[in-house]
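The UniProt record's numbering puts the first residue of the sequence shown at 1, with every later residue one more than the last. Just so you know, even glycine gets a beta-carbon here, dropped at the ideal spot from N, CA and C. What follows is one structure encoded as structure tokens, with my remarks underneath.
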Amino acid sequence: MVSAQVTNLAIILVMMQVSKKIPFDDPDTLFLVRCMYVASNVIILGLYLYVQMKINQKKDMSTIRYVEPAPMGSGEQPKPVTTTVMDYDKGQLRQLFRGQLMGVGMMAVMHLYMKYTNPLLIQSIIPVKSAIESNLVKIHIFGQPATGDLQRPFKAASGFMGQGQVQSDEASVKNAEKNWRGGVKEE
1 MVSAQVTNLA IILVMMQVSK KIPFDDPDTL FLVRCMYVAS NVIILGLYLY
51 VQMKINQKKD MSTIRYVEPA PMGSGEQPKP VTTTVMDYDK GQLRQLFRGQ
101 LMGVGMMAVM HLYMKYTNPL LIQSIIPVKS AIESNLVKIH IFGQPATGDL
151 QRPFKAASGF MGQGQVQSDE ASVKNAEKNW RGGVKEE
């Protein structure tokens, strides 16, 4: 199967070529592209609200234990986390909402302040595709089982030299619980 990054790149390249052919200086065309952008964000909002409703309906109180990596360069110890599936999913959904709001904010600055119109077309497609491909949508809307890549805690994209990976194996969790100070200040 083709990775999401490759398909996103292909969509961007095709849409950049298509956007060259669109007369953005025509007010009617610009209005239609703006409407398409707003509609795509309404679709994403609807997906995320539906996922939130499904999370609240399921009320999965199963316990998850994992080790949250320390921020890079902070010198802190990895933090052990014990939470429920419901709380974990709500936290992940909050991150998805926040990411979408950041995208809308950046697009607003680019379009309204800097007067760029071509990104409106690309940003009407890529975020919807990303929302549909998100783990929570796959689990709660499409009904895929939470196994493999969809097993909680979700695996993040590989960082620099494996940094920032969430670890959920029992040995890592016990080691982090033993070493973590929990915010207690040393005297």
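- Unbroken alpha helix (DSSP H) stretches of 4 residues or longer found wholly inside the region 60-111: 85-108, given in chain order.
- One thing to note: I122 has its Cβ within 9 Å of the Cβ of M16.
- Taken through DSSP and simplified to helix, strand or coil, Q165 comes out as coil.
- Under a 10 Å Cβ-count criterion, N56 is classified as exposed, with fewer than 16 other Cβ atoms of the shown protein chains found around its own Cβ.
- Taking a contact as a CB-CB distance under 8 Å, the pair M61 and M86 counts as one, their CB atoms being some 6 Å apart.
- Following the DSSP letters along the chain, one finds Y50 inside the alpha helix (DSSP H) bounded by residues 27-58.
- Between E68 and V166, the C-beta gap is smaller than 9 Å, which places the two residues in contact.
- In the same chain as I139, and ignoring 5 residues on each side of it, the C-beta atoms closer than 7 Å to its own belong to A146, L150, in chain order.
- For G143, the three-state secondary structure derived from DSSP is coil.
- Between the alpha carbons of M72 and P27 lies a distance of about 47 Å.
- Per the Cβ contact rule, the region 118-137 is in contact with the region 6-23 (3 or more Cβ pairs under 8 Å).
- S130 sits in a helix when the DSSP states are folded into three classes.
- Nearest to I11 by C-alpha distance, out of A39, M106, S130, is S130.
- Secondary structure at A156: coil, using DSSP grouped into helix, strand and coil.
- A direct Cα-to-Cα measurement between E76 and S172 gives close to 16 Å.
- Linking P80 to E177 through their CA atoms gives a straight-line distance of about 6 Å.
- In terms of Cα proximity to V51, the closest of M106, K155, R98, L93 is L93.
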